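Take the UniProt record's numbering: the last position of the sequence shown gets the number 142, and nothing is skipped along the way.
Where a beta carbon is used, it is the ideal one built from N, C-alpha and C, also for glycine.
A quick note: this is a predicted structure, and the numbers were derived from the prediction, not measured.
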Amino acid sequence: AEDTAKGLSELILPAKLKMFPEYIFRNSNPAVFGISVEAGTLKPKVLLITDKGKKVGRVHQLQDKGKSLDKADVNCELAISIRGIEIGKDIEKDETLFVNVPESHVRQLMSKFLNELTTDQKDALREYIVLQRQFTHPWWGM
């Protein structure tokens with residue numbers, strides 16, 4: 001079981017996020033905005049993409065009521081910061097975002113760790129794979 005935990009903890013986990021257009025705290029430098037974790041687990045330092053396949057940037061920090069968090073699970077509502085983007089120019093105020101999980105991690109999650117994932121993490125992963133197959137190639141993640 002320890003091998004599994006170590007392996008899983010080293011992988012980037014899937015997450016689906018929904019922006020709150022009414023909670024844009026800063027438009028840029030860094031952009032700080034409110035999100036809801038619709039499915040999966042969000043951690044700092046992961047890259048995000050939109051549901052149209054556009055790269056957004058790396059999550060710098062997760063915050064809830066002024067406290068930094070090291071992760072956020074499904075149904076969490078919090079603020080995140082991303083450097084190098086401008087809301088309204090690079091992304092809209094109401095985007096659906098996904099963690100940009102590398103294809104090699106997706107393969108491992110699907111083959112070795114599927115039973116370790118929560119139902120909502122599996123949902124986020126499946127939706128993300130469908131998205132990637134739409135924007136890259138039909139066999140992505142296989």
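Rank the options by C-alpha distance to the C-alpha of residue i and give the top, closest one.
i: Pro14; options: Pro102, Asn115, Ile24, Asn75; result: Pro102
i: Trp140; options: Leu114, Met110, Thr118, Asp123; result: Met110
i: Glu22; options: Gln108, Ile35, Arg83; result: Ile35
i: residue 144; options: Phe113, Asp73, Glu116, Phe20; result: The shown model of the chain, from 1 to 142, leaves out residue 144, and the question about it has no answer.
i: His60; options: Asp70, Gly66, Leu117, Lys45; result: Lys45
i: Gln63; options: Leu97, Phe25, Val130; result: Phe25
i: Arg83; options: Asn27, Lys65, Ser9; result: Asn27
i: Leu17; options: Ser104, Thr136, Gln121; result: Gln121
i: Phe20; options: Leu131, Tyr128, Asp94; result: Asp94
i: Lys71; options: Ile91, Thr41, Lys89; result: Thr41
i: Ile129; options: Val106, Leu114, Thr119; result: Val106
i: Arg126; options: Asn29, Ala39, Gly7; result: Ala39
Work out the CA separation of residue j and residue i for me, nearest whole Å.
i: Ala79; j: Ile87; result: 14 Å
i: Gln134; j: Thr50; result: 13 Å
i: Cys76; j: Thr118; result: 15 Å
i: Lys65; j: Lys43; result: 17 Å
i: Glu10; j: Gln108; result: 11 Å
i: Ser104; j: Asp90; result: 27 Å
i: Thr96; j: Ala124; result: 12 Å
i: Glu92; j: His137; result: 26 Å
i: Leu8; j: Lys112; result: 9 Å
i: Leu114; j: Pro30; result: 35 Å
i: Leu47; j: Ile12; result: 10 Å
Compute the beta-carbon to beta-carbon distance between residue i and residue j, rounded to the nearest angstrom, for a pair I have assumed lies under 8 Å.
i: Val32; j: Ser81; result: 5 Å
i: Gly57; j: Ile85; result: 5 Å
Could you please give me the residues that DSSP links to residue i through a beta bridge?
i: Gly40; result: Ala15
i: Gly34; result: Ala79
i: Ile129; result: Ile129 is not bridged to any residue.
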